[in-house]
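Read in order, the letters of the sequence shown are residues 7 to 314 in my numbering.
Every residue gets a Cβ at the ideal spot worked out from N, C-alpha and C, and that includes glycine.
Given the structure is predicted, the values throughout are model-derived calculations rather than measurements.
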Amino acid sequence: MQPMLSVQQLTKTYAGGKAALSDVNLDVAKGEILALLGPNGAGKTTLISIICGIVTATSGKVLVGGFDNVTQFRQARSLIGLVPQELTTDAFETPWDNMCFSRELFGLPKNPALVEKVLKDLSLWDKKDQRIMSLSGGMKRRLLIGKALVHEPKVLFLDEPTAGVDVELRKDMWRLVAEMREQGVTVVLTTHYIEEAEAIADRVGIISDGKLLLVEDKTSLMASMGQKQLQVDLKTPLLTLPESLTSLGFNLQKDGAQLLLKYQGNDDKVEVSAMLAAIYEAGLEVADIHTSQSSLEEIFIELLQEAS
């Protein structure tokens, strides 16, 4: 099946010789949510800007719904909705007029019912006739989201959409994103809130210094690169660890009151039940047991450290 978004050997080099993007290749399927993670200056916004036709690539190709975003710009751009980082709106317009105008820019017929629905979904309906200059920063951010949705895009880009906004807007935003996925809309988002990507994304892409380090299914990534650990609190502290447990990889922690075993998430040789059986066979009394797994943020930091 043809991907909804295809980025092929994309490179962007600025006049001073700085490479903002280096040979980026990426396919995103219809109805997929992809989270792009990376530090400031990694190239996330540059990549989105090139796809949306705001910045010109040095080389490479971008296809949106099968349309080349350079030679078939109108068709490609009509499929894209963009929520930028910056709060860019006409201060003297009202939300209603602003969204109606945004829809008409794409040559679409008026659709008051759709505009009303989007405004209500974003809790802006009671502000529809106020001048935008009177809205709070959070309300302006909601309006930007509305402008990106009002022409019914097939690919939605969210560039740091929840930066500096309240919890209520974040919840509204992710609810809308989930609804759009159900409707088959492809969503690409960048975020500094890695826990959000962990909660909502299907796949995760990690970009650093203009290079796409990996793009992988979130669950597979956490299983293959994440680390798990088993913590066993003992009723009686130990002075030394039995050889039978040392050979399994256990270490003593907290002045001998805790056993700790760390292992890779994809290590099939480690079975928690077998580890606990070995502890009991060693004659140790267990007070409590805890298991944990690396978060996406920990994996992200580890990958960036390896790349630097």
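Discussion item. By alpha-carbon positions, which one of Ala184, Asp172, Thr51 ends up nearest to Ser214?
Written reply: As a first step, residue 214 is located in the sequence shown; it is residue number 208 there, counting from the start. Checked all of Ala184, Asp172, Thr51; the closest Cα to Ser214 is Thr51.
Worksheet item: If you draw a straight line from the alpha carbon of Pro90 to that of Ser300, how long is it in whole angstroms?
Response: Start at 1 with the first residue of the sequence shown, and residue 90 comes out as number 84. Start at 1 with the first residue of the sequence shown, and residue 300 comes out as number 294. Spanning the two alpha carbons is a distance of roughly 31 Å.
Worksheet item: From Val292 to Gln264, what does the alpha carbon distance come to, in whole angstroms?
Response: In the sequence shown, the residue the question calls residue 292 occupies position 286. In the sequence shown, the residue the question calls residue 264 occupies position 258. Going by the C-alpha atoms only, they are around 9 Å apart.
Worksheet item: Can you pull the DSSP bridge partners for Thr269?
Response: Taking the first residue of the sequence shown as 1, we reach residue 269 at position 263. The question names Thr, but residue 269 in the sequence shown is Tyr. As DSSP reads the structure, Tyr269 sits in a beta bridge with Lys234.
Worksheet item: How would you label Met7, buried or exposed, when you count the other beta carbons within 10 angstroms and need 16 or more for buried?
Response: One-based indexing of the sequence shown puts residue 7 at position 1. Exposed, by the Cβ-count rule.
Practice prompt. Could you name the residues of the same chain whose beta carbon sits closer than 6 Å to that of Pro118, not counting the 5 residues immediately before and after it, in chain order?
Written response: Numbered from 1 along the sequence shown, position 112 holds the residue referred to as residue 118. Excluding positions up to five away in sequence, the list is empty.
Item to complete: Provide the residue(s) that pair with Val193 in DSSP beta bridges, ordered along the chain.
Response: Within the sequence shown, the letter at position 187 stands for residue 193. Paired residue(s): Ile39, Leu162.
Worksheet entry | Bridge-paired residues (DSSP) for Phe73 | The sequence position of residue 73 within the sequence shown is 67, counting from 1. DSSP output for Phe73 lists Val70 as bridge partner(s).
Practice prompt. Reducing DSSP to helix, strand and coil, say where Ile60 ends up.
Written response: Translated into positions along the sequence shown, residue 60 becomes position 54. The answer is coil: DSSP assigns Ile60 none of H, G, I, E or B.
Worksheet item: From Thr64, Trp102, Leu141, Gly72, pick the residue whose C-alpha is nearest to that of Gly23; which is it?
Response: As a position in the sequence shown, residue 23 is number 17, starting the count at 1. Residue Thr64 is the option with its Cα nearest to Gly23.
Discussion item. If distances are taken between C-alpha atoms only, which option among Lys18, Lys133, Ile200, Val68 comes closest to Glu166?
Written reply: Reading the sequence shown from its first residue, position 160 is the one you call residue 166. Among Lys18, Lys133, Ile200, Val68, the Cα nearest to that of Glu166 belongs to Ile200.
Practice prompt. Taking all protein chains shown into account, decide if Thr196 is buried (16 or more other Cβ within 10 angstroms of its Cβ) or exposed.
Written response: The residue labelled residue 196 in the question sits at position 190 within the sequence shown. Thr196 comes out buried.
Worksheet item: Per DSSP, Ser65 is paired with what?
Response: Sequence index remark: in the sequence shown, residue 65 carries index 59 (1-based). Beta-bridge pairing links Ser65 to Thr17.
Discussion item. I'd like to know whether the C-beta atoms of Val124 and Trp102 end up nearer to each other than 8 Å.
Written reply: Taking the first residue of the sequence shown as 1, we reach residue 124 at position 118. Taking the first residue of the sequence shown as 1, we reach residue 102 at position 96. Not closer than 8 Å, so no.
Fill in: Residue span of the beta strand (DSSP E) that contains Ala293, given as start and end
The residue you call residue 293 lines up with position 287 of the sequence shown. 292 to 299 is the span of the beta strand (DSSP E), which, as asked, contains Ala293.
Fill in: Limits of the unbroken beta strand (DSSP E) element including Ala25
Sequence index remark: in the sequence shown, residue 25 carries index 19 (1-based). That run of the beta strand (DSSP E) goes 25 to 34.
Discussion item. By the DSSP assignment, the alpha helix (DSSP H) with Gly143 in it spans what residues?
Written reply: As a first step, residue 143 is located in the sequence shown; it is residue number 137 there, counting from the start. Residues 143 to 155.
Discussion item. Using only CA atoms, which one of Gly211, Val183, Leu236 lies nearest to Ile305?
Written reply: Position 299 of the sequence shown holds residue 305. The residue with the shortest Cα to Cα distance from Ile305 is Gly211.
Item to complete: Output the distance between the C-alpha atoms of Ala223 and Arg109, rounded to the nearest integer angstrom.
Response: In the sequence shown, counting from the first residue as 1, residue 223 sits at position 217. In the sequence shown, counting from the first residue as 1, residue 109 sits at position 103. For the record, residue 223 in the displayed sequence is Asp; it is not Ala. Distance between the alpha carbons of Asp223 and Arg109 is about 34 Å.
Worksheet item: Hey, how far is the Cα of Thr252 from the Cα of Thr246?
Response: As a first step, residue 252 is located in the sequence shown; it is residue number 246 there, counting from the start. As a first step, residue 246 is located in the sequence shown; it is residue number 240 there, counting from the start. Spanning the two alpha carbons is a distance of roughly 10 Å.
Worksheet item: So is Pro159 buried or exposed if we call it buried at 16+ other beta carbons inside 10 Å?
Response: Position 153 of the sequence shown, counted from the start, is the residue given in the question as residue 159. Result: buried.
Worksheet entry | C-beta atoms of Ala207 and Ile39 nearer than 8 Å | Here residue 207 is taken as the residue at index 201 of the sequence shown, counted from 1. Here residue 39 is taken as the residue at index 33 of the sequence shown, counted from 1. A contact, by the Cβ cut-off of 8 Å.
Item to complete: Could you tell me which of Asp239, Thr94, Lys217 sits nearest to Val30, measuring between CA atoms?
Response: Numbered from its first residue, the sequence shown carries residue 30 at position 24. Here the closest residue by C-alpha is Lys217.
Worksheet item: Buried or exposed: where does Gly87 fall if 16 or more other Cβ atoms within 10 Å of its Cβ makes it buried?
Response: Working through the sequence shown from its first residue, we reach residue 87 at position 81. Classification of Gly87: buried, given that the 10 Å Cβ count is 16 or more.
Worksheet item: When you compare each of Leu254, Thr62, Lys177 to Thr19 by their alpha carbons, which one comes out closest?
Response: Looking up residue 19 in the sequence shown gives position 13. Closest by alpha carbon: Thr62.
Worksheet entry | Three-state secondary structure (DSSP) of Arg137 | As a working mapping, residue 137 is identified with position 131 in the sequence shown. Arg137: coil per DSSP, three-state reduction.
Worksheet item: Beta-carbon separation of Ile56 and Val70 under 8 Å?
Response: For the purposes of this step, residue 56 is identified with residue 50 of the sequence shown, where counting begins at 1. For the purposes of this step, residue 70 is identified with residue 64 of the sequence shown, where counting begins at 1. Taking a C-beta distance under 8 Å as the contact criterion, Ile56 and Val70 do not qualify as a contact pair.
Fill in: Beta-carbon contacts of Leu220 that lie in its chain and below 6 Å, excluding the five residues immediately before and after
Locating residue 220 in the sequence shown gives position 214, where the first residue counts as 1. So the list reads Ile212, once near-sequence residues are dropped.
Discussion item. Buried or exposed, going by whether 16 or more other CB atoms sit within 10 Å of the CB of Asn75?
Written reply: Looking up residue 75 in the sequence shown gives position 69. Under this definition Asn75 is a buried residue.
Worksheet entry | With 16 other Cβ atoms within 10 Å as the buried cut-off, status of Phe98 | Translated into positions along the sequence shown, residue 98 becomes position 92. Under this definition Phe98 is an exposed residue.
Worksheet item: Thinking just about the alpha-carbon of each residue, which of Asn46, Leu42, Ala82, Gly47 is nearest to the one in Gly59?
Response: Locating residue 59 in the sequence shown gives position 53, counting from the first residue. Checking every option, the nearest Cα to that of Gly59 belongs to Ala82.
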